[in-house]
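K.L.:
These protein sequences, in sequence, are chains P and W. Heads up, the first sequence is in my numbering, so the first residue is 1 and it goes up one at a time. Heads up, the second sequence is in my numbering, so the first residue is 286 and it goes up one at a time. Every residue gets a Cβ at the ideal spot worked out from N, C-alpha and C, and that includes glycine. These figures come from a predicted structure and were not determined experimentally. Below is one structure. I have some questions about it.
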Amino acid sequence: MSKDQFDAAIGVVPPSTVDIEAVLHREHRRARVRRVANPWTAAGACVAAVAAGAVLVLTPGDPAPAVVTPAAAPPPSPADACKDAPRPTTPPLREKASVVAGRLTTVLTDAVRQRVAAGTTLGVHTMGQYPKGTQHGPLAFFHVFSAFVSHEGGECSGGEDYFMAAASTTEKAHRGNVWAIVTRLGGNAGPAAECVPAPQDTQGTCDRRTGPHGETIVEEVLTMPGGPTVNRVNVTKPDGTGIIVEAQNTARDAKLGDAPDMPAPPLSLAQLAEVGLDPGLTLYP
Amino acid sequence: MKRPEEAGYRDYVTTRMDVMRRTAYLLCRDWHLADDLVSITIGKLYRHWPRARQVEHLDAYVRRILVRTWLDEKARAWRREEPAETLPEPPVLPSDDVVERIGLLELLDALPPRRRAAVVLRYYCDLSIEETAEILECSAGTVKSQTARGLESLRALVAASRN
């Protein structure tokens, strides 16, 4: 078995949908948000740096202090790898995870049932499996959690902490799916707070607005030519709850590139926004 | 990140895009997911670029991020594959070379994630046992056994398909 055999097996490589500019845009924003949104973290880092013998150089006009470490500084330890990983910035939950999941399930199920087309049935969906092999019911929330793990070489994995629910939808021959994430803000599954360009080869629209109670709402539609359509609404609530609600007009997962199984996703952007703005969909009742 | 550093990052990512996509595709067998994995990988690389660009084997460093990203993604609920009871019929009979091509990829797809990663790293990326062990964060002995079992499974599948 050789590299040439693998390359031959891969065959013709389709055009790339990796958008380097979008990645750079996202990383710039992430760095900016990290510096601006959490001054206490920055202050703590400064104190730690001074304690470690580093010299702080403050340059007027710099967005953040530059840290000049002494020569021959030791290489970063594995424990450092997760220090910049996104972490929840809103208060810990007051309820047990199982209680939160049960409460959110009732709210989401009611909200979705009231809005889907008459005669639509909700079924289980593979996105509702967690941990692997454990299938949760239609729109039944479960707590996705994994501890941070630092790897040598500066890589960090884990750090998941959010609630998720998913369901397939069937209305006559039309099949689609709906899923939702409810999370504390600042973690690794938070809602988008700004519009970013759609990936290459994908048609997209995005609209950012403010909700009736100060919520930040980002509404996106993504369509691949000949492929499924994804309606997604991101809601950032002032109480610190982040919500992503998505509807796809494909039975499996839009990422798989199947042909659409219905003309449009089972819930429109306006309906998804109503679901996301439901006052019951919160981590801080 | 300073502008010259960012230019270096952009050059590296653009130059290595094809091989990153091919490696990701061999791991996940889905071009959409492969591109997602590469996007996540280059995002992580950007965050560590000032330090990463100074490492001796940058390609190995990036491969490590890519493989770890894929293994992490495999654990996520919305990435799991939905098994189908029957395979869809191809619309037209594929030619021999396509059968051969699909054959190798399908066989690779039948391996569990870490075993598949071991085979891709060893035989596609041409890494040594030690380099593969470092990326998969296991011992050289484990890589040997994973690769051997992977090849054993491939041979068994080939034999079964011939029979």
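Assign Q203 (chain P) to buried or exposed, taking buried as 16 or more other Cβ atoms, counted over all protein chains shown, within 10 Å of its Cβ.
P.N.:
exposed
K.L.:
Could you tell me which chain P residues have their CB closer than 8 Å to the CB of S413 (chain W), listed as they occur along the chain?
P.N.:
Within chain P, no residue has its beta carbon less than 8 Å from that of S413 (chain W); the closest one is some 14 Å off.
K.L.:
Can V196 (chain P) and A22 (chain P) be called in contact, C-beta distance under 8 Å?
P.N.:
yes
K.L.:
Does F163 (chain P) come within less than 8 Å of chain W when only Cβ atoms are used?
P.N.:
no
K.L.:
I'd like the list of long-range same chain contacts for N177 (chain P), defined as Cβ closer than 6 Å, with 5 residues on each side in sequence excluded.
P.N.:
Sequence-distant Cβ neighbours of N177 (chain P) in its own chain, meaning closer than 6 Å and more than five residues away, are H125, S168 and Q248.
K.L.:
Could you confirm whether any beta carbon from chain W is found closer than 8 Å to the beta carbon of R26 (chain P)?
P.N.:
yes
K.L.:
Check whether the Cβ of T17 (chain P) lies closer than 8 Å to any Cβ atom in chain W.
P.N.:
yes
K.L.:
Can you tell me which of the three DSSP states A51 (chain P) falls into?
P.N.:
Here the model assigns A51 (chain P) a pLDDT of 39, short of 50, so the residue's position is not dependable, and the following value carries that caveat. Helix at A51 (chain P).
K.L.:
Whose CA, out of P:G211, P:G242, P:P212 and P:H174, lies closest to the CA of G190 (chain P)?
P.N.:
Closest option to G190 (chain P), Cα to Cα, is P:G242.
K.L.:
Give the straight-line distance between the Cα atoms of R365 (chain W) and C410 (chain W), rounded to the nearest whole angstrom.
P.N.:
Caution is warranted here: a pLDDT of 44 is assigned to R365 (chain W), below 50, making its placement in the model unreliable, and the coordinate value is therefore given only provisionally. Taking the straight line from one Cα to the other gives about 25 Å.
K.L.:
What separation, rounded to the nearest whole angstrom, lies between the Cα atoms of H333 (chain W) and T106 (chain P)?
P.N.:
Using only the alpha carbons, I get a separation of about 42 Å.
K.L.:
Leaving aside the five residues before and after L393 (chain W) along the sequence, list all residues of the same chain whose C-beta is less than 8 Å from its C-beta, in chain order.
P.N.:
L311, R314, R401, V404, V405 and L439
K.L.:
Could you check whether the segment 82-102 of chain P touches the segment 139-147 of chain P, counting it as contact only if at least three pairs of C-beta atoms, one from each stretch, sit closer than 8 Å?
P.N.:
yes
K.L.:
Which whole runs of the beta strand (DSSP E) in the segment 140-181 of chain P are 3 residues long or more, in chain order?
P.N.:
Under the rule that a run must span 3 or more residues, the beta strand (DSSP E) segments found entirely inside the segment 140-181 of chain P read 142-145, 149-151, 155-157 and 161-171.
K.L.:
I'd like to know if D357 (chain W) contacts chain P, where contact means its C-beta is closer than 8 Å to some C-beta of that chain.
P.N.:
yes
K.L.:
For a test of the three-state rule: what should DSSP assign to R29 (chain P), helix, strand or coil?
P.N.:
helix
K.L.:
Could you say if the segment 223-230 of chain P and the segment 255-265 of chain P meet the contact criterion of at least three C-beta pairs nearer than 8 Å?
P.N.:
yes
K.L.:
In this structure, how does DSSP classify D344 (chain W) when only helix, strand and coil are distinguished?
P.N.:
helix
K.L.:
Compare the C-beta of P266 (chain P) against all C-beta atoms of chain W and say whether one is closer than 8 Å.
P.N.:
no
K.L.:
Quick check on E374 (chain W) - is its C-beta less than 8 Å from some C-beta in chain P?
P.N.:
Note that E374 (chain W) has pLDDT 39, beneath the 50 cutoff, so the model's placement of it is unreliable and no number is given.
K.L.:
With a threshold of 8 Å between beta-carbons, can G328 (chain W) be considered close to chain P, or not?
P.N.:
A Cβ of chain P is located within less than 8 Å of the beta carbon of G328 (chain W).
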